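Note sheet for the following structure.
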Amino acid sequence: MADGDDVLNEERQINEDYKIWKKNSAFLYDLIMTHALEWPSLTVQWLPYTSKPDDGKDFTTHRLILGTHTSDEQNHLVIASVQIPKESTSSDSTQYESERG
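What follows is the structure, given as structure tokens:
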């Protein structure tokens, strides 16, 4: 039973550390976007593709490749699209939920 308690305490500590990091990340970075993946990604590569919408949107779309690192399952590549605000766009960090992962 002690092993189960240790694992539970470790998970609680990790979650608490994550909440503290997420709360303070606005002070560390100009922009941060988070998205939970099913498996960790050890490989990330930005693709040269960039799309600038013509309809006056305040973001550009970039693509990147994420490589998975799984245990006992087949690894795969994910091609993701990310909408990044233009530099002239101001963002309000209060619109994000600080308690969600």
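The sequence shown lines up with residues 1 to 101 when you count with UniProt numbering.
All C-beta atoms, glycine included, are put in the ideal place defined by N, C-alpha and C.
None of the values given here were measured: they were computed from a predicted structure.
- Message: Excluding the 5 residues flanking residue 75 on each side, which residues of the same chain have their C-beta closer than 6 Å to its C-beta?
- Response: Numbered from its first residue, the sequence shown carries residue 75 at position 75. 68, listed in sequence order.
- Item | residue 37 to residue 51 span [Cα, whole Å] | As a working mapping, residue 37 is identified with position 37 in the sequence shown. As a working mapping, residue 51 is identified with position 51 in the sequence shown. So the alpha carbons of these two residues sit roughly 24 Å apart.
- Item | residue 45, DSSP secondary structure in three states | Taking the sequence shown and counting its residues from 1, the one referred to as residue 45 is at position 45. Strand at residue 45.
- Which of helix, strand or coil DSSP assigns to residue 67: Numbered from 1 along the sequence shown, position 67 holds the residue referred to as residue 67. If DSSP states are grouped into helix, strand and coil, residue 67 belongs with the strands.
- Task: Could you spell out the range, first to last residue, of the beta strand (DSSP E) harbouring residue 53?
- Result: Counting from 1 along the sequence shown, the entry for residue 53 is found at position 53. Unbroken run through residue 53: none, as it is neither H nor E.
- Query: Under 8 Å, do residue 61 and residue 41 count as touching if we go by C-beta distance?
  - Reply: Looking up residue 61 in the sequence shown gives position 61. Looking up residue 41 in the sequence shown gives position 41. Cβ atoms of residue 61 and residue 41: not closer than 8 Å.
- Simplified DSSP state of residue 36, which is helix, strand or coil: Within the sequence shown, residue 36 is the residue found at index 36, counting from 1. Coil, per DSSP.
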